[in-house]
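Throughout, our numbering is defined as the position within the sequence shown, counted from one, plus 78. Everything below concerns the one structure shown next.
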Amino acid sequence: MMDKKPHIKPYLYGMLAGFGAISLSIIFFFFIYRFEGFGDAVSKLTSILMPFIYGAVIAYLLKPVCNTVENFLHRLFPEKMKGLVSALSVAATLLFGLLVIYALFMMIIPQLVTSVTTLYYTARANLSNFIRWVNKLEFVADNEVIMDYVNKAYNAISVDLDSWIKNTLMPSMQNIVSGVGIGVLNVVTVFKNLIIGIIVAIYLLASRKKFTQQSKLILYSILKPRWADAVLSEVLYADKMFGGFINGKIMDSAIIGVLCYIVCAIVKFPSALLVSVIIGVTNVIPFFGPFIGAVPATLLILIQNPIKALWFVLFILILQQLDGNIIGPKILGNSTGLSSFWVLFAILLFGGLWGFVGMIIGVPLFAVIYDVVKKLVIHGLCRNDELEMLGTYHEAFGDPEEDIPAAPEAPAQSEE
Numbered sequence: 079m080m081d082k083k084p085h086i087k088p089y090l091y092g093m094l095a096g097f098g099a100i101s102l103s104i105i106f107f108f109f110i111y112r113f114e115g116f117g118d119a120v121s122k123l124t125s126i127l128m129p130f131i132y133g134a135v136i137a138y139l140l141k142p143v144c145n146t147v148e149n150f151l152h153r154l155f156p157e158k159m160k161g162l163v164s165a166l167s168v169a170a171t172l173l174f175g176l177l178v179i180y181a182l183f184m185m186i187i188p189q190l191v192t193s194v195t196t197l198y199y200t201a202r203a204n205l206s207n208f209i210r211w212v213n214k215l216e217f218v219a220d221n222e223v224i225m226d227y228v229n230k231a232y233n234a235i236s237v238d239l240d241s242w243i244k245n246t247l248m249p250s251m252q253n254i255v256s257g258v259g260i261g262v263l264n265v266v267t268v269f270k271n272l273i274i275g276i277i278v279a280i281y282l283l284a285s286r287k288k289f290t291q292q293s294k295l296i297l298y299s300i301l302k303p304r305w306a307d308a309v310l311s312e313v314l315y316a317d318k319m320f321g322g323f324i325n326g327k328i329m330d331s332a333i334i335g336v337l338c339y340i341v342c343a344i345v346k347f348p349s350a351l352l353v354s355v356i357i358g359v360t361n362v363i364p365f366f367g368p369f370i371g372a373v374p375a376t377l378l379i380l381i382q383n384p385i386k387a388l389w390f391v392l393f394i395l396i397l398q399q400l401d402g403n404i405i406g407p408k409i410l411g412n413s414t415g416l417s418s419f420w421v422l423f424a425i426l427l428f429g430g431l432w433g434f435v436g437m438i439i440g441v442p443l444f445a446v447i448y449d450v451v452k453k454l455v456i457h458g459l460c461r462n463d464e465l466e467m468l469g470t471y472h473e474a475f476g477d478p479e480e481d482i483p484a485a486p487e488a489p490a491q492s493e494e
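What follows is the structure in structure tokens.
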């Protein structure tokens, strides 16, 4: 009985880290959504600050480009012209972002119009072919029972259609018009927030170093140096997680989209460009992205050429194996440090809360929560003189070993 305790202890590290991350996530969002007054206040504040949220997201995504351009311009201009260098780097970065968006629209919109037009004429042609095929079946016209069923079905559809128009469609026109008006208003609001967000992004990019130093001053003025260092370390870790994961995913998805287009163009799949854009964009979503994108892409091809749709499904399976085993690991590596189980959990949790956006940011966000809980567990193990459990855990499960050398620092901090 005395030998069982050491065998149980090594499992506590992983169990506590995972359980703590789940608990913090659920408690946080339960607090927001359970208390209606607090949730309404958060929703109201979010809607007011939406332009700044857009601006912060745009600035964060463009920050690596801005840093690269600024470092390049510093080599061309003297130090005394750093103000000009900063302005030029922000302008070049914004121009780059707008050109990328313009290029995407120019690729998608014409191809979308062409695909819709092709689908329309293909559907009409297939319907005409089906009608001609039915008319050639002499036994249908000669069979009174079948013709009676056809006539009854036609009359029923006509009566039901008239009834639906008079009793359902016409009374609902006011709601439809109102819904269209609300939709137009929402589009205008989003467009307005986006324009203001771009302006905010310009300010954030131009003053990013100043804002960073101001935040550090505030942090160290409120907290003790030891705690301020810990918070700053976690913020840097979060930046590494979000920046590395999202930028890596965007690069990975762009490569997948280009590869998909090359193969689709060679094999002459219908709507090659539109299909490739769908596959590339949805590939940003971890785990479920390939399946989400494959469904509409396959349907687009299926309507126009069912045989090629089967070949397309086979090609997508091969492409996703290539991405999952070669391209993705080369670009992303094990950037989050989460197992497949926690990746799936994070996508389902945050996807259910925030939809498409939650599915994208859920993995790095949960990785940050997991890291905080992990450090708390390590601190607790050090405080209780149970640090050897950490080494035993890593030996048993082969988890990353970065925690082992970092763990001994905790007792030294506690002794201070």
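Cβ coordinates follow ideal geometry from the N, Cα and C atoms, glycine included. Quantities reported herein were computed from a predicted structural model and do not represent experimental measurements.
**Study point:** Supposed close pair leucine 351, glutamine 189 - CB separation, criterion 8 Å
**Key:** Counting from 1 along the sequence shown, the entry for residue 351 is found at position 273. Counting from 1 along the sequence shown, the entry for residue 189 is found at position 111. Indeed, because the Cβ distance is near 4 Å, the residues count as touching under 8 Å.
**Study point:** Start and end residues, alpha helix (DSSP H) containing threonine 290
**Key:** As a first step, residue 290 is located in the sequence shown; it is residue number 212 there, counting from the start. 286 to 300 is the span of the alpha helix (DSSP H), which, as asked, contains threonine 290.
**Study point:** Exposure label - methionine 437; buried when at least 16 CB within 10 Å
**Key:** Taking the first residue of the sequence shown as 1, we reach residue 437 at position 359. Methionine 437 should be labelled buried.
Exercise for review: Give the C-beta separation of serine 331 and valine 362 to the nearest angstrom, bearing in mind that I take them to be a contact with Cβ-Cβ under 8 Å.
Suggested key: By one-based count along the sequence shown, residue 331 stands at place 253. By one-based count along the sequence shown, residue 362 stands at place 284. Their Cβ separation, rounded to whole angstroms, is 5 Å, which keeps serine 331 and valine 362 in contact under 8 Å.
Exercise for review: Indicate whether the contact test is met: 3 or more Cβ pairs, each with one atom in the stretch 457 to 475 and one in the stretch 319 to 330, closer than 8 Å.
Suggested key: Three or more beta-carbon pairs separated by less than 8 Å are not found between the stretch 457 to 475 and the stretch 319 to 330, which leaves the two stretches without contact.
Review point. Is alanine 343 buried or exposed, if buried means 16 or more other CB atoms sit within 10 Å of its CB?
Key: Along the sequence shown, one-based indexing puts residue 343 at 265. When all chains shown are included, alanine 343 counts as exposed.
Review point. Is asparagine 207 buried or exposed, if buried means 16 or more other CB atoms sit within 10 Å of its CB?
Key: For the purposes of this step, residue 207 is taken as residue 129 along the sequence shown, with counting starting at 1. Result: exposed.
Review point. When the Cα atoms are used, what is the spatial distance from isoleucine 439 to valine 359?
Key: Translated into the one-based positions of the sequence shown, residue 439 becomes position 361. Translated into the one-based positions of the sequence shown, residue 359 becomes position 281. Cα to Cα, the separation comes out at about 15 Å.
Practice item. Please report how far the alpha carbon of valine 313 lies from the alpha carbon of serine 256, in whole angstroms. Key: The residue labelled residue 313 in the question sits at position 235 within the sequence shown. The residue labelled residue 256 in the question sits at position 178 within the sequence shown. Annotation: valine 313 to serine 256 spans about 45 Å, alpha carbon to alpha carbon.
Check your understanding: Is it the case that the Cβ atoms of cysteine 144 and leucine 283 are separated by a distance below 8 Å?
Key -> In the sequence shown, residue 144 corresponds to position 66, counting from 1. In the sequence shown, residue 283 corresponds to position 205, counting from 1. In this structure, leucine 283 lies closer than 8 Å to cysteine 144 by Cβ.
Review point. Are phenylalanine 423 and leucine 443 touching if we call contact CB-CB under 8 Å?
Key: Numbered from its first residue, the sequence shown carries residue 423 at position 345. Numbered from its first residue, the sequence shown carries residue 443 at position 365. No, the Cβ-Cβ distance between phenylalanine 423 and leucine 443 is not below 8 Å.
Check your understanding: Quick one: does glycine 429 have its CB under 8 Å from some CB of chain B?
Key -> Any reference to chain B falls outside this structure, which holds one protein chain only.
Exercise for review: Look at the alpha carbon of asparagine 253 and the alpha carbon of glycine 261, and state the distance between them as a whole number of angstroms.
Suggested key: Stepping through the sequence shown from its first residue, residue 253 is reached at position 175. Stepping through the sequence shown from its first residue, residue 261 is reached at position 183. One C-alpha to the other measures close to 12 Å.
Check your understanding: Mind pulling the alpha helix (DSSP H) runs of 4 or more residues that sit fully within the stretch 130 to 197?
Key -> Runs found: none.
Check your understanding: Is glutamate 464 helix, strand or coil when you go by DSSP?
Key -> Position 386 of the sequence shown, counted from the start, is the residue given in the question as residue 464. Three-state result, glutamate 464: coil.
Check your understanding: Can at least three beta-carbon pairs, one atom from the stretch 127 to 135 and one from the stretch 265 to 279, be found at a separation below 8 Å?
Key -> yes
Exercise for review: Grab me the residues of tyrosine 227's own chain with a C-beta within less than 8 Å of its C-beta, minus the 5 sequence neighbours each way, in chain order.
Suggested key: As a working note, residue 227 is residue 149 in the sequence shown. Excluding residues within five positions, none has a Cβ falling inside 8 Å.
Exercise for review: For valine 421, name the three-state secondary structure that DSSP assigns.
Suggested key: In the sequence shown, counting from the first residue as 1, residue 421 sits at position 343. The answer is helix: DSSP assigns valine 421 an H, G or I state.
Check your understanding: Okay, do the stretch 271 to 290 and the stretch 163 to 183 touch, 3+ Cβ pairs below 8 Å being the bar?
Key -> yes
**Study point:** Residue span of the alpha helix (DSSP H) that contains lysine 576, given as start and end
**Key:** The shown model of the chain, from 79 to 494, leaves out residue 576, and the question about it has no answer.
**Study point:** For glycine 533, three-class secondary structure by DSSP
**Key:** Examination of residue 533 is not possible in this model, given that the chain is present from 79 through 494 alone.
Exercise for review: With DSSP as the reference, label isoleucine 405 as helix, strand or coil.
Suggested key: Start at 1 with the first residue of the sequence shown, and residue 405 comes out as number 327. Here isoleucine 405 sits in helix by DSSP.
Practice item. Put isoleucine 86 into one of helix, strand or coil per three-state DSSP. Key: Numbered from 1 along the sequence shown, position 8 holds the residue referred to as residue 86. Low local confidence applies: a pLDDT of 46 at isoleucine 86 is under 50, so the model's placement there is unreliable, with the coordinate-based value given in what follows. Isoleucine 86 falls in the helix class under three-state DSSP.
Point to revise | Status (buried if at least 16 other CB within 10 Å, exposed otherwise) for threonine 195 | key: Counting from 1 along the sequence shown, the entry for residue 195 is found at position 117. Label assigned to threonine 195: exposed.
Exercise for review: Output the boundary residues of the alpha helix (DSSP H) element that contains phenylalanine 393.
Suggested key: What you label residue 393 is simply residue 315 of the sequence shown in a count that begins at 1. Element bounds for phenylalanine 393: 384 to 400.
Check your understanding: Near isoleucine 583, what residues of its chain come up, given a Cβ to Cβ distance below 6 Å and the 5 sequence neighbours on each side ignored?
Key -> An answer regarding residue 583 cannot be provided, because it is not within the stretch 79 to 494 covered by the chain.
Point to revise | Beta-carbon proximity list for alanine 306, same chain, < 6 Å, skipping 5 on both sides | key: To locate residue 306, count along the sequence shown from 1; it is residue 228. Excluding sequence neighbours, alanine 306 sits near Leu297 and Tyr298.
Point to revise | Endpoints, alpha helix (DSSP H) assigned at isoleucine 363 | key: Position 285 of the sequence shown, counting from 1, holds the residue named residue 363. Segment: none, isoleucine 363 is in no alpha helix (DSSP H) and carries neither H nor E.
Check your understanding: With 16 other CB atoms within 10 Å as the buried threshold, where does threonine 146 fall?
Key -> If you number the sequence shown from 1, residue 146 lands on position 68. Per the 10 Å Cβ criterion, exposed.
Exercise for review: Apply the 10 Å Cβ neighbour rule to tryptophan 420 and answer buried if 16 or more other Cβ atoms are within range, or exposed otherwise.
Suggested key: Counting from 1 along the sequence shown, the entry for residue 420 is found at position 342. When all chains shown are included, tryptophan 420 counts as buried.
Exercise for review: Compare the beta carbon distance of phenylalanine 347 and phenylalanine 390 with 8 Å and say whether it is the shorter of the two.
Suggested key: Taking the first residue of the sequence shown as position 1, residue 347 is located at position 269. Taking the first residue of the sequence shown as position 1, residue 390 is located at position 312. Going by C-beta atoms, phenylalanine 347 is nearer than 8 Å to phenylalanine 390.
Point to revise | Cut-off 7 Å between Cβ atoms - residues of its own chain near glycine 275, not counting five sequence neighbours on either side | key: Within the sequence shown, numbered from 1, the residue matching residue 275 stands at position 197. For glycine 275, where only same-chain residues beyond five positions count, the Cβ hits under 7 Å are Pro129, Tyr132, Gly133 and Ile136.
Exercise for review: Answer yes or no: do alanine 445 and glycine 415 have a C-beta to C-beta separation smaller than 8 Å?
Suggested key: In the sequence shown, counting from the first residue as 1, residue 445 sits at position 367. In the sequence shown, counting from the first residue as 1, residue 415 sits at position 337. Cβ atoms of alanine 445 and glycine 415: closer than 8 Å.
Point to revise | Three-way DSSP call (helix, strand, coil) for alanine 348 in this model | key: Working through the sequence shown from its first residue, we reach residue 348 at position 270. The residue asked about is misnamed: residue 348 is proline in this sequence, not alanine. Three-state DSSP puts proline 348 in coil, outside helix and strand.
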